[in-house]
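*Asks:*
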Amino acid sequence: MTKVHWLSRLTWRSWFYFRVGYGTYLALLLGYAGNIVVLYKLAVIDNSYLRPYFSSLALFTIVGLALSVPTAIILGLLHTKRTGAYAADASLSTESNPYVYKLIPGKEREVFLPLMVLTARGLAKVMREQNALSPQDKEEFDKVLAKADSLIRGQMVGHPRLRQS
3 MTKVHWLSRL
13 TWRSWFYFRV
23 GYGTYLALLL
33 GYAGNIVVLY
43 KLAVIDNSYL
53 RPYFSSLALF
63 TIVGLALSVP
73 TAIILGLLHT
83 KRTGAYAADA
93 SLSTESNPYV
103 YKLIPGKERE
113 VFLPLMVLTA
123 RGLAKVMREQ
133 NALSPQDKEE
143 FDKVLAKADS
153 LIRGQMVGHP
163 RLRQS
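Residue numbers (our numbering): 3 to 167.
#1: Relative to the alpha-carbon of R123, which residue among L32, Y34, K145 and S70 has its alpha-carbon at the smallest distance?
#2: Flag this pair as yes or no: are the beta carbons of L153 and K104 separated by less than 8 Å?
#3: CA-CA distance, A68 and L41?
#4: What do you get for V46, buried or exposed, if any count of 16 or more other CB atoms within 10 angstroms of its CB means buried?
#5: Cα separation between E112 and L147?
#6: What is the DSSP secondary structure of P137, counted as helix, strand or coil?
#7: Can you tell me whether S167 is buried or exposed, with buried defined as 16 or more other CB within 10 angstroms of its CB?
What follows is the structure in structure tokens.
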């Protein structure tokens, strides 16, 4: 691997890790802390009714955590189990992943699919010799083998934007 290739790879990997770390952890913590401070200032300090209940920012933060964490967990559960939002997210992620429609480089392309194709061709040969393969079965078999050959050549099969009914 050349130094330029290594540096490019390191740069893109670092960029990916930065986005994951910042988007998942730092932004959440900083955003939550910022909201707590702003809410405390606007809803408690300037409010004579709530000020006696929350004498400090620490107490307000503890109560905020005690209320918001279970609420967020319940909302997350509803999001994944009870609404179509999670299914739509998973569907879009699947559509945008190119390896759903083509072979993964490495063992899948080099070993698994070629082995399956050879096994299927051997089985078809045995079935033809025993006259157990109808013309319709042979046609369907040939279509599937043509798709497998396309995958081995690096092409895509299926249509990412068409829904299956």
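Glycine is no exception: its CB is placed at the ideal position from the N, C-alpha and C atoms.
*Replies:* Well, looking at it:
#1: K145
#2: yes
#3: 15 Å
#4: buried
#5: 16 Å
#6: helix
#7: Note on S167: pLDDT 46, under 50, position unreliable in the model; no value is reported.
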